[in-house]
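Reading through the structure tokens given below for one structure.
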Amino acid sequence: MTVRYLLDTNICIYIAKKKPLEVYQRLSELVVGDVGMSLITLGELRFGAEKSQNRDIALEKLNRLVNYIPIILPSEKTAEKYSQIRGFLEKKGQPIGNNDLWIAAHALSLNTTLVTNNTKEFIKVPDLLVENWVNL
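Set out below in structure tokens:
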């Protein structure tokens, strides 16, 4: 599946909550197939739902989100990008979180733009296209 945008965990949360509104509005401007979420993002979202005080409600919201935004599986190319990025960032002494590293690698392997509100981490990754839909 080819997508224009890979959504980071925080953006998926904003979409599910419909807050901030500009994120949800930006999504509504796109067509089906423009966006997807990484399996790694799904794992982070499921973890958050599982530990929620309102677990059942959180899982229900997540299921609705997954019905709306396709899950994209990592590939061997994702693993290749992961090793390259990790090596580069470690040499520079600028590591990022492990899941963020995988999500960045996934976006690079798809040659797509990562949408996140965590630009501080992701701008460290060379050649990664990053957009922030918050405060557009």
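In this note's numbering, the protein residues as written are 108 to 243. No residue lacks a Cβ here, since even glycine has one placed at the ideal position from N, Cα and C.
Spatial distance of residue i from residue j (CA atoms)
i	j	result
residue 116	residue 157	15 Å
residue 196	residue 228	11 Å
residue 177	residue 212	18 Å
residue 182	residue 164	32 Å
residue 169	residue 148	11 Å
residue 110	residue 143	6 Å
residue 127	residue 120	10 Å
residue 235	residue 203	14 Å
residue 139	residue 129	18 Å
residue 219	residue 184	13 Å
Three-state class that DSSP yields for residue i in the structure shown
i	result
residue 140	coil
residue 145	strand
residue 176	coil
residue 130	helix
residue 190	helix
Beta-bridge partners of residue i, as assigned by DSSP
i	result
residue 220	112 and 236
residue 159	Beta-bridge pairing links residue 159 to no other residue.
Contact check, residue i vs residue j, beta carbons under 8 Å
i	j	result
residue 180	residue 146	yes
residue 208	residue 230	no
residue 237	residue 217	no
residue 141	residue 112	yes
residue 198	residue 215	no
residue 122	residue 166	no
residue 118	residue 223	yes
Own chain, CB closer than 7 Å to residue i, minus 5 neighbours either side, in chain order
i	result
residue 151	116 and 206
residue 194	none
Close Cβ partners of residue i (< 6 Å) along its chain, the five nearest in sequence each way excluded
i	result
residue 125	131
residue 135	none
residue 159	165
Sequence-distant residues of the same chain with beta carbon closer than 8 Å to residue i, five excluded per side
i	result
residue 201	231
residue 186	212
residue 137	111 and 112
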